[in-house]
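First comes the structure, then the notes that go with it.
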Amino acid sequence: MLALLGVFAVLALASTIRTTAGFGFSLVAVPPLAFLLDPVTAVVVASVIAAPVSVSIAVRDRAHIDRRLLAVILGFGVPAVPLGVWALTALPETALMFVIAGVIVLGTVLVWCRIALPGGTATLAGVSFFAGASYGATGVDGPPMVAAAQGLGLEPRVQRATLAVSFASTSIAAVAGYAVAGELTAEVGRALLVGVPGLVIGVVAGERLFKFLDAARFRRVVLALLVVSSVSVLTRALAVA
Numbered sequence: 004m005l006a007l008l009g010v011f012a013v014l015a016l017a018s019t020i021r022t023t024a025g026f027g028f029s030l031v032a033v034p035p036l037a038f039l040l041d042p043v044t045a046v047v048v049a050s051v052i053a054a055p056v057s058v059s060i061a062v063r064d065r066a067h068i069d070r071r072l073l074a075v076i077l078g079f080g081v082p083a084v085p086l087g088v089w090a091l092t093a094l095p096e097t098a099l100m101f102v103i104a105g106v107i108v109l110g111t112v113l114v115w116c117r118i119a120l121p122g123g124t125a126t127l128a129g130v131s132f133f134a135g136a137s138y139g140a141t142g143v144d145g146p147p148m149v150a151a152a153q154g155l156g157l158e159p160r161v162q163r164a165t166l167a168v169s170f171a172s173t174s175i176a177a178v179a180g181y182a183v184a185g186e187l188t189a190e191v192g193r194a195l196l197v198g199v200p201g202l203v204i205g206v207v208a209g210e211r212l213f214k215f216l217d218a219a220r221f222r223r224v225v226l227a228l229l230v231v232s233s234v235s236v237l238t239r240a241l242a243v244a
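What follows is the structure in structure tokens.
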């Protein structure tokens, strides 16, 4: 019961941060969920919860999609998702914790430094493959994709719309992969029952907080939280190893 209450609180906090800061849902949600649940269940729950959010943004912004870039992203990203799902199911718990921690640290650095990766379409293709596999294994794909897209100099709304379809596609592919792999378990179902209300409450709270918060200061607080989360996951992995 306490674990489920923790899941509710974590997903409410993660959705509040995502709504207010514009990033960080999986980065914030996955590490504490991995403490409350097992790492596999944590990734699956975060991915399933994030999927409808990504789809709704993609539908809303569909008129601004760069179809040529989207073809590259989907062509390299979606086929990599099964590789990530395989890693999620095949890796020992300790190894998976290290992978999650590494991806969280990488994502935090990319977001904190606002890194734009050079190299254009070729870089986007490689990063898309990495992000697809990363999403399947850890539930995180946003920061590397944003860094690659920023290197292309896209108009913000085009970038947001194109990446939204990318995130929606990898989310759907990952959920399908988890279903085939038998990872949509009863434990995942129980977590989702308390997680969905937490998500809704977080979105509402985030919309209200956005009007009053200092955006730059709040971003620093979120990034500090991500550092603490990644260090905590690494510490747990090292303790179990």
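Counting in this note's numbering, the sequence shown runs from 4 upward without gaps. Using N, Cα and C, we set each Cβ at its ideal position, and we do this for glycine too.
Please name the residue, chosen from the options, that lies closest to residue i on a Cα-to-Cα basis.
i    : options                  : result
T19  : F101, V203 and A227      : V203
G205 : H67, A32, S174 and A104  : A32
A140 : R211, T111 and S29       : S29
S169 : L91, R211, A128 and R117 : A128
I118 : M148, A17 and W89        : M148
V130 : W115, V108 and G154      : G154
V224 : M4, G9, A194 and T23     : T23
P121 : G156, T238 and L94       : G156
T165 : G209, T173, L72 and I103 : L72
P95  : L14, D41, G27 and V183   : D41
L91  : I76, S172 and A184       : A184
Which of the three DSSP states, helix, strand or coil, is assigned to residue i?
i    : result
I107 : helix
P35  : helix
L155 : coil
A119 : coil
A74  : helix
I68  : coil
T188 : coil
F101 : helix
V1   : In the structure as shown, the chain starts at 4 and stops at 244, and residue 1 therefore has no counterpart that could be examined.
V81  : helix
V143 : coil
P11  : What sits at residue 11 in the sequence shown is Phe, not Pro. Looking at F11 - three-state DSSP - the assignment turns out to be helix.
M4   : coil
F215 : coil
G27  : coil
Counting only the same chain and skipping the five closest in sequence on each side, list residues whose C-beta sits under 8 Å from that of residue i.
i    : result
F11  : V197, G198, P200 and G201
I175 : A54 and V58
Over the uninterrupted alpha helix (DSSP H) stretch that includes residue i, give me the two end residues.
i   : result
P85 : V84 to A93
V62 : P42 to R63
For residue i, which residues in the same chain have their Cβ closer than 6 Å to its Cβ, ignoring the five residues on either side in sequence?
i    : result
L229 : L30 and T111
Y181 : V47 and L187
A6   : L39
F132 : F79 and A83
| said: I'd like the ranges of any alpha helix (DSSP H) spanning at least 4 consecutive residues and lying wholly in the segment 166-210. | reply: none
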